[in-house]
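K.L.:
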Amino acid sequence: MDTTAFCDNLHPLELTVLEAFGAHSAGAGLTTEQLAEATKLESSQLSMAIEWLLAKQLLAVTSETVTSVVSLTAVGKTYVERSSPLDRILSAAREASSTGKRLTIADLQTKEGLEPSDVSRAVGRLKKEGALLVVQGGCLESTGRPSPSAEAMRALLRDLHEAPRPMESFPEVQRALIHDYAVKRGSAREPFRIEERTTRSYTLSQAGAAAVNALAGQAKTEEVAQLSPDLLKDGGWRTKRFRKYTISLRPPRIAAGKKHPYREFLDAVKLKLVSMGFQEMRGSLVETEFWNMDALFMPQFHPARDIHDVYFVKEPACASAVAEPFFSRVAATHEHGGTTGSTGWGYRFDPERAKRLVLRSQGTAVSARTLALSPSVPGKYFSIARCFRYDQVDATHATDFFQVEGIVLGEDINFRTLLGLLNLFAREVAQAKEVKFVPAYFPFTEPSVELHVRHPRLGWMELGGAGLFRPEVTQPLGVTVPVIAWGLGLDRMAMVALGVHDIRELFTDNLDLIRTTRGAF
Amino acid sequence: MPTISIFKSDLESLLGSPAEPRTVSIDELQEWLALVKGEMKDYHADTGEVRVELQDSNRPDLWCCEGMARQIRIKLGGTAKPYPFLSKQPGRLPSLLVAPGLDRVRPYVAACAATGYRVTEQGLAQLIQTQEKLADIFGHKRKTVSIGIYRRQKIRFPVTYELANPDDVRFTPLGMETPMTLSEMLMVHPKGLEYGSILAGQSRLPLLRDADHRPLSFPPIINSREIGEVLVGDDELFVEVTGTDAAMVMLTLNIFAANLADRGAAIQPIAVRYPYETPFGKRVVTPRDIGRPRVIQIETIERALGQELGTTVVKEALEAYGYHVSTGKKSVTVTLPPYRQDLMHAMDVVEDVAMSLGYGAFSPEMPSQFTVGGLSRIEQLSDRARELMVGLGFQEIISNILGSPDHYRDAMRLEGTAWGTMVEVRNVMSSSFSCLRQWMIPSLLRVEAASARSFYPHRLFEAGEVAIVDSSHEVGSRTETVLGAVIAHAAAHFSEIHSCLDACLYYLGKTYGLEPIPHPSFLDGRVGTIVVSGTPIGLIGEIHPEVLERWQIAMPVVAFEVNLSQIEQLM
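The listed protein sequences derive, respectively, from chains A and B.
Just so it is clear: in the first sequence, position 156 is 159 by the working numbering, and no numbers are missing.
Just so it is clear: in the second sequence, position 232 is 1014 by the working numbering, and no numbers are missing.
1) Are the Cβ atoms of VAL289(A) and VAL325(A) separated by less than 7 angstroms?
2) Going by the beta-carbon positions, is the gap between VAL832(B) and ILE786(B) smaller than 7 angstroms?
3) Nearest by alpha-carbon distance to LYS273(A): which of SER386(A), LEU427(A) and ILE53(A) is it?
4) Identify the residues that DSSP records as bridge partners of ASN1005(B): which are they?
5) Determine the chain B residues that contact PRO319(A) at a beta-carbon separation under 8 angstroms, and present them in chain order.
6) For ILE1279(B) and chain A, any beta-carbon pair shorter than 7 angstroms?
7) Can you list the residues of chain A that PRO1149(B) reaches, using a CB-CB cut of under 7 angstroms?
8) Which ranges would you report for the alpha helix (DSSP H) in the region 208–244 of chain A if only whole runs of at least 4 residues count?
9) So what does DSSP say about ARG372(A), is it helix, strand or coil?
10) Should ALA896(B) go down as buried or exposed, given a rule of 16 or more other Cβ atoms within 10 Å for buried?
11) Under three-state DSSP, which class holds GLU98(A)?
12) Would you give the residue range spanned by the beta strand (DSSP E) that ALA109(A) belongs to?
13) So ASN295(A) contacts chain B; which residues on that side make the cut at Cβ distance below 9 angstroms?
14) Anything in the region 273–294 of chain A with a Cβ closer than 8 angstroms to a Cβ of chain B? List those residues in chain order, please.
15) Would you call GLN908(B) buried or exposed, if buried means 16 or more other Cβ atoms sit within 10 Å of its Cβ?
16) How many angstroms separate the CA atom of THR1109(B) from the CA atom of THR1115(B)?
17) Does the count of Cβ pairs from the region 910–920 of chain B and the region 959–975 of chain B closer than 8 angstroms reach three?
18) Near ARG1260(B), which residues of its chain fall below 6 angstroms by C-beta distance, leaving aside the five closest residues on each side in sequence?
19) Along the chain, where does the alpha helix (DSSP H) that runs through VAL20(A) open and close?
20) What does a CB cutoff of less than 7 angstroms around LEU1287(B) pick up in its chain, not counting 5 residues either side in sequence?
21) So which residues on chain A does THR1153(B) lean against when the C-beta distance must stay under 8 angstroms?
22) What residue range does the alpha helix (DSSP H) around LYS790(B) cover?
23) Looking at the secondary structure, which residues open and close the alpha helix (DSSP H) in which PHE293(A) lies?
24) For the alpha helix (DSSP H) that contains ASN1036(B), what are its first and last residues?
25) For ASN426(A), which of helix, strand or coil comes out of DSSP?
26) Using a Cβ-Cβ distance under 7 angstroms, would ASN1209(B) count as near chain A?
27) Counting contacts by CB-CB distance shorter than 7 angstroms, is ILE310(A) in contact with chain B?
28) Out of PHE440(A), PHE330(A) and TRP294(A), which one is the CA nearest neighbour of ALA1143(B)?
29) Can you grab the Cα-Cα spacing for the pair GLY860(B) / VAL1095(B), in whole Å?
30) Between which two residues does the beta strand (DSSP E) containing LEU1321(B) stretch?
31) In chain order, what residues of the same chain have a beta carbon less than 7 angstroms from the beta carbon of GLY286(A), not counting five sequence neighbours either side?
32) Three-state secondary structure (DSSP) at ILE181(A)?
33) Does DSSP classify SER1259(B) as helix, strand or coil?
34) Cβ of ILE1049(B) within 7 angstroms of Cβ of PHE867(B)?
35) How do the region 930–937 of chain B and the region 1017–1026 of chain B stand: do at least 3 beta-carbon pairs fall below 8 angstroms, yes or no?
36) Buried or exposed: where does GLY462(A) fall if 16 or more other Cβ atoms within 10 Å of its Cβ makes it buried?
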């Protein structure tokens, strides 16, 4: 073993103990007390250093002696202050005799505040020793004779008052009394405690002796724990040794500043869409039924417009107006098709209903607004919009959630370019090479298609829905080119990426979960 | 849209015939479901039961085994055979007489009889399921359309559709043992309780009875038990549909007639006589062909689909989808079959062409025109602010926006203050989700309150949308993006959060000042508004201990919130 390298790894406490051995005559053992004396270490630090050195087999235990040590308990300390029950009863009896008063057991309890068990035990002992008489009526009388127990107790309290002492240091009479009045199982309220103390004596092992020699040979360089500006300034670091650390230990935790994993996922989607040439749209959390549904050619009697599907706003319940010319055009389209070439739904459009305010229930509302704002042609738009559904909340239904939606406008837009765009989404967003296009139904698109993809980890899944906006949607809003409407269902992908099984956990309030979730995108 | 239950064996006998069913594998069925926009929910191999969700809310004809089988059968055969019951019938038709006054209650009725099909168990289950789904979803919970099915042999024609006094007519309804009056049915019968509101305010109620004055039913509530309980083995049926929309009533009857005809019944039309005008006239033979021919340019279809097809391909595709088609030089004239009424625009025909040919027949093509992508200004600002907060050691949070007034207002000590005004929901399902957040700090306290066991310090932020009530705005509120941040630990202090705000606004390029204000959510004298160019854009302070107590947070919390939308306006 390379002793020098070994010594470098020693802790300062260990070095102190080894130095104490070095200063002592070779081969002799040192007890714990002697080491404490020599090193001036606190007992906890000393025992730590001894344990380490024993573990490294630099020290060995030569002898182990067990001694009984007597000390005062908390009860014993009160005896020192207020005398023992033996003495207090004896002096109360003597006082009663001299004044001619009657002293009963009950008096001792009430006036002296002694415990009944202490009184009966002390009275018994004093009676047995002839120092006390119990006369008619249960009265106690002093005989004037001394009590050996009381005297021995007094001596013990005086002797132990300063520090614990070994049992052997006491004469036989006192040892017997100590045993009688020591804390045992079942009698905790006693003045004395007897403890076994182990005194060990240590000696250097061969390796330990080598280490002491090596240390003695080393130039006495001071060891430091931490490099400081001062050491750098005065060059003092050149003469110092830096203690080596145990670097395999786990570090303390710190809270990193970081993005929310679900937001990171959405950021990745956002970046993808922007890189594919999509411009972001923003909308309002509160919308009129007009923009949320009417403009999307959902008839006012449509089942999904029921009070049980959408959240309505309490106050104000309605918008004052909806912008023209869209309002009249959409109303006409619903009623008879307007100028779109459609038959329309053939019902009376209720303008008041169109003004009712709802919490946005679909991201398509944002697209409808964009269509009415003279969008670019060709143009690609997306939104990641918070939407609200009147649903019972459970593991797969959240009451508010993000919808990733958008539109593509252009002269070259048709069913085949729609499929081409969906192919691109499958590849870019889900890293899927295999896709299936399945006929679907949305109130605002015709033809409509669902995009199913084979996700590299999730297998076949529905990634989104899309279609060509019906002319009944685009024309009243002033758009004359074909428009793709698309939406991506990313919650399942997000949940898998974040390792959660409950959609509500995407918005969790559990900070530990948020701090520890890594997210794999 | 509706999820229905069908049996594979029933579907197979409808695809072939009861004598010679055409067997299908479940994979084959899965593929064919594309033709009807159906999604298989589950399949029990032992019973042969298949549950299918039909997506198209405009195709109620597909919400049954007969309709699905029909669409597949036509595709396999390439063309649909016309239904004979739509052509003029020889001889006198049984009639149904409508009494005056119904035009103000439930104006329209259509009916037919069906004989020669002995009702099977699966057939009866489909009949009942179709009746329920059509009345419930297509008929808006029986308001617009409701359907009754009866044993034909118990009825003597002419049947009368009339108005009756609620306390005069008595019969035993389905599901009951004893006769009761119409008003009793409304008060006692489960269907009366469920659908009675449709007739609210009517002093006289609709009633169908036969020539012997025996009640058939009390539409749209309940059938008579005696005449209106169809059982397995019956081979003479009478079907009637009543409602408030003439076209929908007719379409519904057409679907039932087609379904029963597909199962082998001979359909006998009924002549309905009205005392008032209807969109179909005063004397209407039902079922009735309601399809109207429409001319569609081939170019319209080809341009929408992005593929040259030609007249023949289009004609064949549409015929294989059930249309009647005649061709012109550059156009087709198409008529929908009697069980459909969903042709509003040429684009509807375009989709049917694509579905008939199969979406697989169209090769995807990338849109080629160049567009510039980008984020909105507010999103760019929000992203910068988020980066800064992360750099300042804050953990990002995302929260629900829909929450409770208790969290957003009451726990923040804002009851009765302008800060406590929020967009609230009228149709509350749960008070936990009944208003939109008007500021961000409560969302962060939500996390703080739940995370006392997560090691400290806590530095949290969220950038997101809030709704601020504003009567001058079109929708009564403004949606704005705000940034909120909190710090919580044993020695959390105003100056600590102030330093963070200071750094954040410095890098966002905003010079700001703090002006002390009283705000109930914060400790008095340790709260201020953040002012940029004379405009207050946010708040900073030490959260009031009473607020912390209400949230049951046992740690000091300091916070700031800035309105990024306002900052963006100032840029």
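Note that the Cβ used here is the ideal one computed from N, Cα and C, for glycine as well.
Since we're looking at a predicted model, the values are computed, not measured.
P.N.:
In this structure, then:
1) With a cutoff of 7 angstroms on beta-carbon distance, VAL289(A) and VAL325(A) are scored as not near each other.
2) no
3) Of the listed residues, the one whose Cα sits closest to LYS273(A) is SER386(A).
4) SER999(B)
5) SER1253 and GLY1258
6) No, ILE1279(B) does not count as interfacial toward chain A.
7) VAL411, GLY413, ASP415, ILE416, THR420, GLY423 and LEU424
8) 209–220 and 232–236
9) helix
10) The residue in question, ALA896(B), is buried, as its Cβ has 16 or more Cβ neighbours within 10 Å.
11) helix
12) Segment 108–115 is the alpha helix (DSSP H) holding ALA109(A); no beta strand (DSSP E) there.
13) Correct list: empty, because the minimum Cβ distance to chain B is about 10 angstroms.
14) LYS273, LEU276, VAL277, SER278, MET279, GLY280, PHE281, GLN282, GLU283, MET284, ARG285, GLY286, SER287, LEU288, VAL289, GLU290 and THR291
15) buried
16) 6 angstroms
17) No contact exists between the region 910–920 of chain B and the region 959–975 of chain B.
18) ILE1250 and ASP1252
19) 15–26
20) TYR1294
21) Within chain A, the residues near THR1153(B) are GLY280, PHE281, GLN282, SER379, PRO381, GLY382 and LYS383.
22) 790–797
23) 292–295
24) 1028–1044
25) In the structure shown, ASN426(A) sits in a helix (DSSP, three-state: H, G or I).
26) yes
27) yes
28) PHE440(A)
29) When rounded, the distance between both Cα atoms is 12 angstroms.
30) Residue range 1317–1325 is occupied by the beta strand (DSSP E) that includes LEU1321(B).
31) Counting only Cβ-Cβ distances below 7 angstroms, and skipping sequence neighbours, we find ARG363, ALA368, VAL369, ARG372, SER386 and ALA388.
32) helix
33) strand
34) yes
35) yes
36) exposed
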